[in-house]
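Set out below in structure tokens:
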């Protein structure tokens, strides 16, 4: 009996040793999975889940040894205080890297916490230029920033849509104010007849829209997310305001028509990213897998979150270590061919050659207008 028992015991010991030898790589992810932007935050989180599951399924190795990726998701509700609390929680958990945050208003204050801890951070949707221009070598993003986003939309409004009189509304967040300001700068040749603001939790826009209606603009630009932009558009139409409606990536979602009670060709928006024609098949395959897994369509940034996780994992593999200190220099010079295109960063941590995709809406769906490099 003893001879039969020894091999079993040894096998169990070897299995235990193997399990202990497998390194755990913790990836933090932070987004607004509650509040008005919860559908967008969940979309981001789903992208991270898919990436982690794919890495584990393929038996990803670092320095020749298999590792197990574990996702630590946090909800910051798009609130800066909650965002910094979530960041500190992830630092205390000793994560190897962070994907997020979703909004510029939470990403910027959280980035200081990650920088102080030496933990690399990649945002897949925060577009404020401030984020990557604070001197933090741990801060990266995989989409174009507001300087480009707002400027392109401003020029498009004037030169393609023929806007002469423009009203600008923002939601007072870092993102909303930033993209609205850059839009106004880019809309040279048009007259800005009104500048109004609301909040990222507002539901009643009657007062500011009544003021704007009296100015008779032919285009209204909104800097903010679709949870506010949708009801704002709905109330515009109910007040008989026939102006075109424009916004950045915050309103450029599949959910906008439902939130607005409809969206058509009078609405133009831009996604802070652009998938070239050569990547179309990969993106379609990802979208199909996503829908099968989560029983919902990609909202906007799940593919970018997926690529952010993969780019971080690639840097770890190239550095032969998941230690943030060791793989950070490799992340700064990573060159990863992802679903959304090539992920490579400039000296600030911004995506190189960041593209924008302009959309309108038709039959309740987003419709591509053009990709701008």
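Residue numbers (mature numbering (1 follows the signal peptide of the UniProt record, and there is no 0)): -21 to -1, 1 to 352.
Virtual Cβ for every residue (Gly too), placed ideally from N, Cα, C.
Taking only three categories from DSSP, how would you classify residue 146? For the purposes of this step, residue 146 is taken as the residue at position 167 of the chain shown. Under the three-state reduction of DSSP, residue 146 is assigned to strand.
Subject >> Contained beta strand (DSSP E) runs [length at least 3] in the stretch 180 to 260, N- to C-terminal order >> reply: Within the stretch 180 to 260, complete beta strand (DSSP E) segments of at least 3 residues are found at 198 to 202, 223 to 226 and 246 to 250, given in chain order.
When you compare the stretch 260 to 274 with the stretch 54 to 62, are there three or more beta-carbon pairs, one atom per stretch, that lie closer than 8 Å?
no
Note to self: Going by DSSP, what residue range makes up the beta strand (DSSP E) through residue 348?
What the structure shows: Here residue 348 refers to the residue found at position 369 when the chain shown is read from its first residue. 344 to 351 is the extent of the beta strand (DSSP E) around residue 348.
Discussion item. Buried or exposed for residue 52, going by 16 or more other Cβ atoms inside 10 Å?
Written reply: Walking along the chain shown from the start, residue 52 turns up at place 73. So residue 52 ends up on the buried side.
For residue -8, which residues in the same chain have their Cβ closer than 7 Å to its Cβ, ignoring the five residues on either side in sequence? Start at 1 with the first residue of the chain shown, and residue -8 comes out as number 14. Unreliable positioning characterises residue -8 in this predicted model, as indicated by a pLDDT of 47, which lies under 50. A coordinate reading is not provided.
* Element boundaries [beta strand (DSSP E), containing residue 322] -> Here residue 322 refers to the residue found at position 343 when the chain shown is read from its first residue. Its beta strand (DSSP E) spans residues 320 to 322.
Practice task
Take residue 151 and list the residues in its own chain whose beta-carbon comes closer than 8 Å to its own, dropping the five residues that flank it on each side.
Solution key: Here the question's residue 151 lines up with position 172 in the chain shown. 176, 177, 178 and 179.
Self-check item: 6 Å CB neighbourhood of residue 251 in its chain, flanking five on each side removed
Solution: Against the chain shown, residue 251 aligns to sequence position 272. Cβ within range, chain order: 106, 122, 123, 128 and 228.
_Under 9 Å between C-beta atoms of residue 91 and residue 61_ = As a working note, residue 91 is residue 112 in the chain shown. As a working note, residue 61 is residue 82 in the chain shown. Result no, Cβ atoms of residue 91 and residue 61 do not sit closer than 9 Å.
**OP:** Identify whether residue 120 lies in helix, strand or coil by the three-state DSSP scheme.
**Re:** As a position in the chain shown, residue 120 is number 141, starting the count at 1. Strand, per DSSP.
- Query: Would a C-beta distance cut-off of 9 Å place residue 281 and residue 78 closer than the cut-off?
  - Reply: The residue you call residue 281 lines up with position 302 of the chain shown. The residue you call residue 78 lines up with position 99 of the chain shown. No, the pair does not count as a contact, with Cβ atoms beyond the cut-off.
Quiz item: Just the Cα atoms here: how many angstroms apart are residue 13 and residue 101?
Solution: Looking up residue 13 in the chain shown gives position 34. Looking up residue 101 in the chain shown gives position 122. Roughly 21 Å separates the two Cα atoms.
Going by Cα to Cα distance, which pick from 273, 233, 1 and 19 is closest to residue 45?
For this step, residue 45 is matched to residue 66 along the chain shown. Here the closest residue by C-alpha is 1.
Is it the case that the stretch 210 to 217 contacts the stretch 235 to 252, given that we only count it when at least three CB pairs across the two stretches are under 8 Å? yes
### Task
Kindly indicate which residue of 302, 304, 325 and 319 has the alpha-carbon position closest to the one of residue 313.
Position 334 of the chain shown, counting from 1, holds the residue named residue 313. Of 302, 304, 325 and 319, the residue nearest in Cα terms is 325.
By Cβ distance below 6 Å, which residues in the same chain neighbour residue 94 in space, the five residues on each side in sequence not counted?
For the purposes of this step, residue 94 is taken as residue 115 along the chain shown, with counting starting at 1. 115 and 117.
**Report entry** For residue 100: DSSP bridge partner residues
**Finding:** For the purposes of this step, residue 100 is identified with residue 121 of the chain shown, where counting begins at 1. Beta-bridge pairing links residue 100 to 77 and 118.
**Request:** Taking 8 Å as the threshold, find out whether the stretch 189 to 204 comes into contact with the stretch 218 to 232 through three or more Cβ pairs.
**Result:** A contact exists between the stretch 189 to 204 and the stretch 218 to 232.
**OP:** Give the straight-line distance between the Cα atoms of residue 320 and residue 186, rounded to the nearest whole angstrom.
**Re:** Locating residue 320 in the chain shown gives position 341, where the first residue counts as 1. Locating residue 186 in the chain shown gives position 207, where the first residue counts as 1. One C-alpha to the other measures close to 43 Å.
Nearest to residue 349 (by Cα), restricted to the options 274, 132 and 26:
For the purposes of this step, residue 349 is taken as the residue at position 370 of the chain shown. Cα-wise, what sits closest to residue 349 is 132.
Have a look at 310, 271 and 134 and flag the residue whose alpha-carbon is nearest the alpha-carbon of residue 327. Numbered from its first residue, the chain shown carries residue 327 at position 348. The shortest Cα separation from residue 327 among 310, 271 and 134 belongs to 310.
- Cα-Cα separation between residue 74 and residue 66, rounded to whole angstroms: Sequence index remark: in the chain shown, residue 74 carries index 95 (1-based). Sequence index remark: in the chain shown, residue 66 carries index 87 (1-based). Roughly 10 Å separates the two Cα atoms.
**OP:** State the Cα-Cα distance for the pair residue 50 and residue 3, rounded to the nearest angstrom.
**Re:** By 1-based counting over the chain shown, the position of residue 50 is 71. By 1-based counting over the chain shown, the position of residue 3 is 24. When only Cα atoms are considered, residue 50 and residue 3 end up about 10 Å apart.
DSSP has residue 336 in a bridge; who is on the other side? For the purposes of this step, residue 336 is identified with residue 357 of the chain shown, where counting begins at 1. DSSP lists 250 and 350 as partners of residue 336.
Less than 9 Å between the C-beta atoms of residue 135 and residue 83, yes or no?
Position 156 of the chain shown, counting from 1, holds the residue named residue 135. Position 104 of the chain shown, counting from 1, holds the residue named residue 83. No, these two residues do not count as a Cβ contact at 9 Å.
Quick check: the Cα distance between residue 167 and residue 283, rounded to an integer number of angstroms? Here residue 167 refers to the residue found at position 188 of the chain shown. Here residue 283 refers to the residue found at position 304 of the chain shown. Distance between the alpha carbons of residue 167 and residue 283 is about 31 Å.
Give the DSSP bridge partners of residue 46, in chain order. Taking the chain shown and counting its residues from 1, the one referred to as residue 46 is at position 67. Looking at the DSSP assignment, residue 46 forms a beta bridge with 2.
Quiz item: Who are the Cβ neighbours of residue 164 in its own chain at under 8 Å, not counting the five residues just before and after it?
Solution: Within the chain shown, residue 164 is the residue found at index 185, counting from 1. Cβ within range, chain order: 129, 130 and 133.
Neighbourhood of residue 25 by C-beta, 6 Å cutoff - its chain only, sequence neighbours within 5 removed: Start at 1 with the first residue of the chain shown, and residue 25 comes out as number 46. Hits under 6 Å: 273 and 281.
Inset, instruction - Could you tell me whether any Cβ in chain D is nearer than 9 Å to the Cβ of residue 116? - result: Among the chains of the structure shown, chain D does not appear; only one protein chain is present.
field: Beta-bridge pairing of residue 174 - partner residues as DSSP gives them
entry: What you label residue 174 is simply residue 195 of the chain shown in a count that begins at 1. Residue pairing from DSSP places residue 174 in a beta bridge opposite 147.
Tell me the residue span of the alpha helix (DSSP H) that contains residue 157. What you label residue 157 is simply residue 178 of the chain shown in a count that begins at 1. First-last of the alpha helix (DSSP H) with residue 157: 153 to 165.
Chain-order list of residues whose beta-carbon lies under 6 Å from that of residue 336 (same chain, five-residue window excluded):
Taking the first residue of the chain shown as 1, we reach residue 336 at position 357. The residues are 250, 253 and 350.
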